[in-house]
Each structure stands twice: as structure tokens, then as C-alpha cells.
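Participant: Heads up: the sequence shown begins at 401 in my numbering, then just goes up one per residue.
Cβ coordinates follow ideal geometry from the N, Cα and C atoms, glycine included.
None of the values given here were measured: they were computed from a predicted structure.
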Amino acid sequence: MTADLFVVDGRASVQFAGDRALTFRVVSVCDQPAYAGWIWLTGYVLGRRGEATAKREIYVQLAGLRPAAAAPAPRRARGTGSYAARRDQGDGGAARDRSGLCARADAR
Numbered sequence: 401m402t403a404d405l406f407v408v409d410g411r412a413s414v415q416f417a418g419d420r421a422l423t424f425r426v427v428s429v430c431d432q433p434a435y436a437g438w439i440w441l442t443g444y445v446l447g448r449r450g451e452a453t454a455k456r457e458i459y460v461q462l463a464g465l466r467p468a469a470a471a472p473a474p475r476r477a478r479g480t481g482s483y484a485a486r487r488d489q490g491d492g493g494a495a496r497d498r499s500g501l502c503a504r505a506d507a508r
């Protein structure tokens, strides 16, 4: 297979018709015999943002597979910063100058 990212819809199998269509990243092709024109694929269902949401094995018609546009790279969750960067945790600075403790006591 030249592309490893496909749109799997009703053309590939009736079980993927309509709102059951999915974008599928193929990781392996089974060499087990199947009916002529059909194939077993193992891979990952991709969400709208390009992240893998489930690993599946699907049985589809090879002629019904369509290459999908490249999915965007999954985005990492945006963090609030490392613990060491905060004055009240991590690096011991708050324990030395007690600024984190004072701020909490003043807030009460």
C-alpha cells in the first residue's frame, strides 16, 4: 500500500457507511487468505485532531479504500508549567524564604 492513512466508509464496507466512516492509519496488513478483493487491516482509528483513539482490525474491500489527507500531528496537552518553576513547590525555594507559606496564610 502506497499510503498508510485511509478514509474507510461505505465504499470499503457497509459497516462503515454514513456516520460510521472513519480515518484509519494502517500498521499491518494480514496475509491470511480472504475473499477476492477483500483484506484484513490492523491499525488505529484517528480522531479529528489526528490522535489515535482506538486500535482495530477491520475487514474491507481494497477497491473501496481512499487515501486520506494527512492528519494534523497530535498536539500535546498544554501544561501550566513545571512544578520546579512555581515558588510554592518543587525546588525548596518556598521553604527557604517561606514566601509560599506567607501568601497562603494571608489569603485566609
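Exposed or buried, residue 423, counting other C-beta atoms within 10 Å across all chains shown (16 or more means buried)?
Facilitator: Classification for residue 423: buried.
Participant: When burial is assigned at 16 or more other CB atoms within 10 Å of the CB, is residue 437 buried or exposed?
Facilitator: Exposed, by the Cβ-count rule.
Participant: Note the first and the last residue of the continuous beta strand (DSSP E) segment covering residue 454.
Facilitator: Its beta strand (DSSP E) spans residues 452 to 461.
Participant: Can you find the residues in the same chain that come closer than 7 Å, C-beta to C-beta, to residue 404, ignoring five residues on each side of it along the sequence?
Facilitator: Within the same chain, residue 404 has close Cβ partners 425 and 426.
Participant: Please classify residue 431 as buried or exposed, where buried requires at least 16 neighbouring CB atoms within 10 angstroms.
Facilitator: Answer is exposed; the Cβ neighbour count stays below 16.
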